[in-house]
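See below for the structure under consideration.
Protein chains: 2
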Amino acid sequence: MTERPADTLLPASNPRNLAAIFDRNEVKDTYRISYLANSLVLPVYDDIKRDFGLNRGEYLLLFCLAHMPELTAQDVANMTGRPRNSISRAVHRMLSEGYLNRIPDAVDGRQAWLTITRKGRKLHETIVKGFEAREEQILGALDKKERQTLDRILQKLVLHTAGL
Amino acid sequence: MTERPADTLLPASNPRNLAAIFDRNEVKDTYRISYLANSLVLPVYDDIKRDFGLNRGEYLLLFCLAHMPELTAQDVANMTGRPRNSISRAVHRMLSEGYLNRIPDAVDGRQAWLTITRKGRKLHETIVKGFEAREEQILGALDKKERQTLDRILQKLVLHTAGL
DNA sequence: GGTATTTTGTTCCATTTGGAACATTATATC
DNA sequence: GATATAATGTTCCAAATGGAACAAAATACC
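Protein sequence lines, in the order shown, are assigned to chains A and B.
Residue numbers for the first sequence follow my numbering, so the first one is 1 and each next one is one higher.
Residue numbers for the second sequence follow my numbering, so the first one is 1001 and each next one is one higher.
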């Protein structure tokens, strides 16, 4: 599905009404959810890359660690769905930058426990503001009731999906 | 945000409740929308790559052309948000495979008009079934009323977003 | 009409991504 | 205890991606 918001889809700016694609396809919900997701995150990831030099996997790792006391690389891979090698690379990059700690597991020699450093948490807190602003820019179009309804539906769907 | 569904997030299968991330972050809606979007499309893109040898950009191009009478490369770039060079590559790949026609514009020598071929439409129709099935697998968790509500909210949001 | 600037799509090249192979460690099986 | 299999994270390497540079065509400006 679409990957990024386009700014010439609506009739006002494009006589050929490219926005008709929202209604004119076999999987309208998928298309629209994907469009929204990309609208929400892609501009922010661009900013993260430009301003902080982190790629997506690196920030995702930081994001996960910012919300969990400790994780293994495997946990992160499961949470993010990214391949293990991507996580491995991100771990070692972020470790060398001082954004996380990595302590080998005392029992299982294959694993190490990852925790966020103060430096890492500070960076996360700076970066996440961009996501918050973008979320408000887009979802702010909904009124309070709609926002609550969406919240309920989203939670239902993610829990359902996570159980598949 | 997360990129792909994980299958070990819920407590039933993971004692450390990785699914807590859905509630435990600053941008819950963004996270959940992104999670859903990726759950909806990524497995299908994997299938497309494996079964048909098309990358994401190539299928997106086909998808756009399947729903519009004709488009320029620029249109597709605007609709999908992908860089022009990616579209250019996809155009020439799909052209050589016989999935689209490309006719230079009579007035503007820089542009060409892209239309889907019968072969291309047939391929699209085969592929989109995978998206339909996945959409139903995930969104089928909603009842009819919820589904209608989501439809309304999604349309409101995408139109708002396209106008930003 | 001449020149400057913008647009459109292509090509180049560096970075990112992700499947596969791998080494080490742990678990399962006998 | 010995062997087979699976799990964990790392490294290799090919493919995908995307910014920048570019050429040709169109538009803007004088």
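We treat Cβ as the ideally placed atom computed from N, Cα and C, and that holds for glycine.
Distance cut-off 7 angstroms: residue i Cβ against heavy atoms of the ligand FAD
{"i": "Gly163 of chain A", "result": "Ligands displayed in this structure: none; no statement on the ligand FAD is therefore possible."}
Under 7 angstroms from the C-beta of residue i: neighbouring residues of chain A
{"i": "His1067 of chain B", "result": "Ile21, Arg24 and Asn25"}
{"i": "Ala1141 of chain B", "result": "Lys156, Leu157 and His160"}
Where residue i sits in the DSSP three-state scheme
{"i": "Arg32 of chain A", "result": "helix"}
{"i": "Ala1141 of chain B", "result": "coil"}
{"i": "Thr1115 of chain B", "result": "strand"}
{"i": "Val41 of chain A", "result": "helix"}
{"i": "Gly1130 of chain B", "result": "helix"}
{"i": "Gly1109 of chain B", "result": "coil"}
{"i": "Asp1047 of chain B", "result": "helix"}
{"i": "Leu159 of chain A", "result": "helix"}
{"i": "Leu1164 of chain B", "result": "coil"}
{"i": "Asp1023 of chain B", "result": "coil"}
{"i": "Arg147 of chain A", "result": "helix"}
{"i": "Glu16 of chain A", "result": "First, the residue type needs correcting, since residue 16 of chain A is Arg and not Glu in the sequence shown. DSSP places Arg16 of chain A in coil when its eight states are reduced to three."}
{"i": "Asp1007 of chain B", "result": "Caution applies to Asp1007 of chain B, whose pLDDT of 43 falls short of 50 and renders its modelled position unreliable; the value that the coordinates give is listed next. Coil, per DSSP."}
8 angstroms contact criterion, which residue i and residue j should meet: CB distance rounded
{"i": "Leu61 of chain A", "j": "Ile87 of chain A", "result": "7 angstroms"}
{"i": "Ile33 of chain A", "j": "Leu1159 of chain B", "result": "Actually they are not in contact, since the Cβ atoms of Ile33 of chain A and Leu1159 of chain B sit about 14 angstroms apart, beyond 8 angstroms."}
{"i": "Ala1162 of chain B", "j": "Ala19 of chain A", "result": "5 angstroms"}
{"i": "Thr1115 of chain B", "j": "Glu1070 of chain B", "result": "5 angstroms"}
{"i": "Ile138 of chain A", "j": "Leu1150 of chain B", "result": "Incorrect: roughly 16 angstroms between the Cβ atoms, too far for contact."}
{"i": "His966 of chain B", "j": "Asn25 of chain A", "result": "In this structure chain B extends from 1001 to 1164, so residue 966 of chain B is not present and cannot be described."}
{"i": "Leu142 of chain A", "j": "Phe52 of chain A", "result": "So it is not a contact: roughly 30 angstroms between Cβ atoms."}
Distance, residue j Cα to residue i Cα
{"i": "Gly1057 of chain B", "j": "Thr72 of chain A", "result": "33 angstroms"}
{"i": "Ala1012 of chain B", "j": "Asn17 of chain A", "result": "Its pLDDT being 46, under 50, Ala1012 of chain B is placed unreliably by the model, and the measurement read from it follows with that caveat. Answer to the nearest angstrom: the Cα atoms are 47 angstroms apart."}
{"i": "Met79 of chain A", "j": "Phe63 of chain A", "result": "11 angstroms"}
{"i": "Lys1129 of chain B", "j": "Thr1117 of chain B", "result": "19 angstroms"}
{"i": "Arg1147 of chain B", "j": "Lys1156 of chain B", "result": "14 angstroms"}
{"i": "Pro83 of chain A", "j": "Asp1023 of chain B", "result": "24 angstroms"}
{"i": "Glu1136 of chain B", "j": "Leu1040 of chain B", "result": "9 angstroms"}
{"i": "Arg121 of chain A", "j": "Tyr99 of chain A", "result": "8 angstroms"}
{"i": "Asp1108 of chain B", "j": "Val44 of chain A", "result": "35 angstroms"}
{"i": "Ile127 of chain A", "j": "Ile48 of chain A", "result": "7 angstroms"}
{"i": "Lys1028 of chain B", "j": "Val91 of chain A", "result": "24 angstroms"}
{"i": "Arg110 of chain A", "j": "Ile103 of chain A", "result": "11 angstroms"}
{"i": "Asn1101 of chain B", "j": "Lys1119 of chain B", "result": "11 angstroms"}
{"i": "Asp1105 of chain B", "j": "Asp1046 of chain B", "result": "35 angstroms"}
{"i": "Ala133 of chain A", "j": "Gly140 of chain A", "result": "10 angstroms"}
{"i": "Lys1145 of chain B", "j": "Lys144 of chain A", "result": "19 angstroms"}
{"i": "Ala1006 of chain B", "j": "Gly81 of chain A", "result": "The pLDDT assigned to Ala1006 of chain B is 46, lower than 50, so where the model puts this residue is not dependable; a value taken from the coordinates is nonetheless given after this. Their backbone Cα atoms lie some 6 angstroms apart in a straight line."}
{"i": "Arg1093 of chain B", "j": "Glu125 of chain A", "result": "43 angstroms"}
{"i": "Leu1065 of chain B", "j": "Leu95 of chain A", "result": "45 angstroms"}
{"i": "Leu42 of chain A", "j": "Ile21 of chain A", "result": "20 angstroms"}
{"i": "Asp1075 of chain B", "j": "Leu1164 of chain B", "result": "18 angstroms"}
{"i": "Ala77 of chain A", "j": "Ala1077 of chain B", "result": "31 angstroms"}
Partner residues on chain A for residue i, Cβ-Cβ distance less than 9 angstroms
{"i": "Arg1093 of chain B", "result": "Correct list: empty, because the minimum Cβ distance to chain A is about 17 angstroms."}
{"i": "Thr1149 of chain B", "result": "Glu146, Thr149, Leu150 and Ile153"}
{"i": "Thr1126 of chain B", "result": "Here the premise fails: no neighbours, minimum Cβ distance about 12 angstroms."}
Proximal chain A residues relative to residue i, where beta-carbon distance stays under 8 angstroms
{"i": "Ile1138 of chain B", "result": "Leu157, His160, Thr161 and Leu164"}
Per-residue contacts from residue i into chain B (C-beta, under 8 angstroms)
{"i": "Asp75 of chain A", "result": "Arg1016 and Leu1018"}
{"i": "Asn38 of chain A", "result": "Ala1037 and Gly1081"}
{"i": "Ser34 of chain A", "result": "Ala1037, Leu1040 and Val1041"}
{"i": "Glu135 of chain A", "result": "Val1027, Asp1029 and Thr1030"}
Listed by chain order, chain B residues near residue i by CB distance under 7 angstroms
{"i": "Glu132 of chain A", "result": "Glu1026 and Val1027"}
Hey, which unbroken runs of the beta strand (DSSP E) at 3 residues or more fall wholly within the stretch 1052-1105 of chain B? Those beta strand (DSSP E) runs which fall completely within the stretch 1052-1105 of chain B and span 3+ residues are 1100-1104.
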